[in-house]
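Step one of this worksheet: look at the structure below.
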Amino acid sequence: MLKTIHHFQTSIGRKQVVATTGLMLILFIIGHLIGNLLIFGGPELYNGYAAFLVKLRPGLFVIEGALGVVFLIHIFFTYMLIHDNVRARPKNYKIVATKSERSFATQIMPFTGTIIFAFLFYHLWDFTFTPHHGAQSILRDGKDYGLYGLVYNAFSDPLHSTFYIIAMMCLGFHLSHGVESFFQTYGVTNTKHTATIRMISQTFGVLVGWSFSMIPVYILVKNLSGN
Amino acid sequence: MDKKLNLKLMLWRQNGAKDKGKFETYKVKDIDVSMSFLEMLDVLNETLTREGQEPVAFDHDCREGICGACGAVVNGKAHGKLKGTTLCQLHMRHFENNETIVIEPWRAKGFPVIKDLVVDRSSFDRIIAAGGYISAKTGSAPDANAIPVAKESVEQSMDAAACIGCGACVAACPNAAAMLFVGAKISHLVLLPQGKVESKTRTGNMVHQMDKEGFGNCSNEYECEAACPKSISVSNIALMNREFMFSKNPPKP
Ligand code: FES
């Protein structure tokens, strides 16, 4: 036990914690994304899926709680790493320049991470803890469409949609560096595979960012074109 | 042909580790473009000495890019803007006439400034002492080629062994991490049969020492590889990460 604690006090040990929790969150995001995309199957399929999830409770609460803890561990260990990093360079350079092809995504990791953290609360309040029936779920034909209607109405507001799209772009950027980092931290990367892993990582980030954003974009366009 | 440069230098001056230090501006005239960066500093120092001022302290030894003694951050880039080059091998032809050049020492908690551009890199020595060695029988020399080594391992190990310990990786890292250096030293030994004896404890010991010296944590930005005068690959960091998982942690003091 003590040995394990000791391990996670080292630089690499902490990085492994961030990588492992990051991987768990990625798996969750993939699951969440697949669920979201069901919206393109129409209200019945989508609401059916939501009802199915509700039925899994209270068991699901355990998993959700565990995910929350994983999320907090991910943030806490990152915070510890950053804290050390700031202390490792007490005086900064007058000129900071780069010699590498360090990607934009890499440089804004803490920023995108913070946005995702803030977004999570907003998102839970927005969709999870708002009643799924009532005025906010009624579409133009006057019928109550449950969660489908709630999401539809929310994304019909361009401001609301834009906010979600920005958050999802941040997530995409975050993942495009995150996946690659996972492989590096677990020592999978070697000179032969580095380029492939980087490509996979960036493709994954772009794919996730765009796939999530597709939903508000689709609803916005549909709404603007008047049906 | 004989192009000469007039330059403005913004140089970090610091008298000892306790001094706060500040930038000082100097002008150098008629610098030959075929001079190295260090020779340009020599010219400055000659002028300063003649004027009765304190010359600028900077580290150097071989001046041919193999010892790892020299190094400074030039316009925000460790060893200047060229890739795969030490400061002593950076020539003045890469600068423009009337250019302002900002010259700073390596900045890291693990590298306290001794004077001006000279930093104390003994932290690297302590990391090596913690595990960067092998056990070998002294006395009679073993037969050459007595131990077969896979070609791929030799190449990887030799690539890592190209590290001259200059510290540019730390200087260039946004987090002042020393992981490329430590990774290179680990790859250098662990890939060869001769390095297997200590392989259980080596990585743990070296990583712990690295942390103790106050270096930062790698965030996989690979700025180190780009700044490394020997272009050592970040895959050595991956190898260190892998080794660390199976390595024993040293007993806590
Ligand atoms: S002085 Fe030896 S490498 Fe530059």
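Those protein sequence lines, which keep their order, are chains Y and S. For the first sequence, position 24 matches number 433 in our numbering, and the numbering has no gaps at all. For the second sequence, position 36 matches number 436 in our numbering, and the numbering has no gaps at all. Positions of the beta carbon are idealized from the N, C-alpha and C atoms, including for glycine.
- Not a single CB atom of chain Y sits nearer than 8 Å to the CB of Ser557 of chain S.
- For Thr425 of chain S, the enclosing beta strand (DSSP E) begins and ends at 422-432.
- Non-local C-beta neighbours of Leu476 of chain Y in its own chain, meaning closer than 7 Å and more than five positions away in sequence, comprise Phe437, ordered along the chain.
- In the three-state scheme derived from DSSP, where H, G and I count as helix and E and B as strand, Leu639 of chain S is classed as helix.
- Contact between the stretch 625-632 of chain Y and the stretch 478-498 of chain S is absent, with fewer than three C-beta pairs closer than 8 Å.
- Secondary structure at Lys585 of chain S: helix, using DSSP grouped into helix, strand and coil.
- Residue side-chain check: Ile547 of chain S keeps its Cβ at 7 Å or more from all non-hydrogen atoms of the ligand FES.
- Runs of alpha helix (DSSP H) with 4 or more residues, each lying fully within the stretch 548-619 of chain S, are found at 551-561, 568-572, 579-590, 599-612, listed in chain order.
- About 4 Å separates the beta carbons of Glu504 of chain S and Val473 of chain S, which is inside the 8 Å limit, making them a contact pair.
- The beta carbon of Arg526 of chain S lies closer than 7 Å to those of Gln609, Glu613 in the same chain, with the five residues before and after it left out.
- Between Arg642 of chain S and chain Y, the shortest Cβ-Cβ separation is below 8 Å.
- For Glu510 of chain Y, the three-state secondary structure derived from DSSP is coil.
- Looking at S:Lys483, S:Lys630, S:Phe458, S:Leu444, the one whose alpha-carbon comes closest to that of Gly416 of chain S is S:Phe458.
- Against chain Y, the CB of Val607 of chain S has a partner CB under 8 Å away; the residue lies at that interface.
- Secondary structure of Thr500 of chain S (DSSP, three-state): strand.
- In this structure, Ser599 of chain S and Ser557 of chain S do not form a Cβ contact; the two beta carbons are roughly 13 Å apart against a cut-off of 8 Å.
- Residues Leu592, Pro593 of the same chain have their beta carbon placed closer than 7 Å to that of Val549 of chain S, with the five preceding and five following residues left out of the count.
- Judged by DSSP in its simplified three-state form, Ala478 of chain S adopts strand.
- Taking C-alpha positions only, Val518 of chain S is separated from Gly567 of chain S by approximately 12 Å.
- Proximity of Lys509 of chain S to chain Y, defined by a Cβ-Cβ separation below 8 Å, is satisfied.
- For Lys477 of chain S, a Cβ of chain Y is located within less than 8 Å of the residue's own Cβ.
- As the crow flies, the alpha-carbon of Leu447 of chain Y is around 41 Å from that of Ile637 of chain S.
- For Trp412 of chain S and Cys470 of chain S, the gap between their C-alpha atoms comes out near 15 Å.
- Within the same chain, Cβ atoms closer than 7 Å to the Cβ of Met433 of chain Y are found at Val479, the five residues on either side in sequence being excluded.
- In the structure shown, Phe621 of chain Y falls within a helical segment according to DSSP collapsed to helix, strand and coil.
- C-alpha of Val471 of chain Y to C-alpha of Val463 of chain Y: approximately 13 Å in a straight line.
- By the criterion of a C-beta distance shorter than 6 Å, Ser647 of chain S is surrounded in its chain by Thr603, Gly604, once the five residues flanking it on both sides are discounted.
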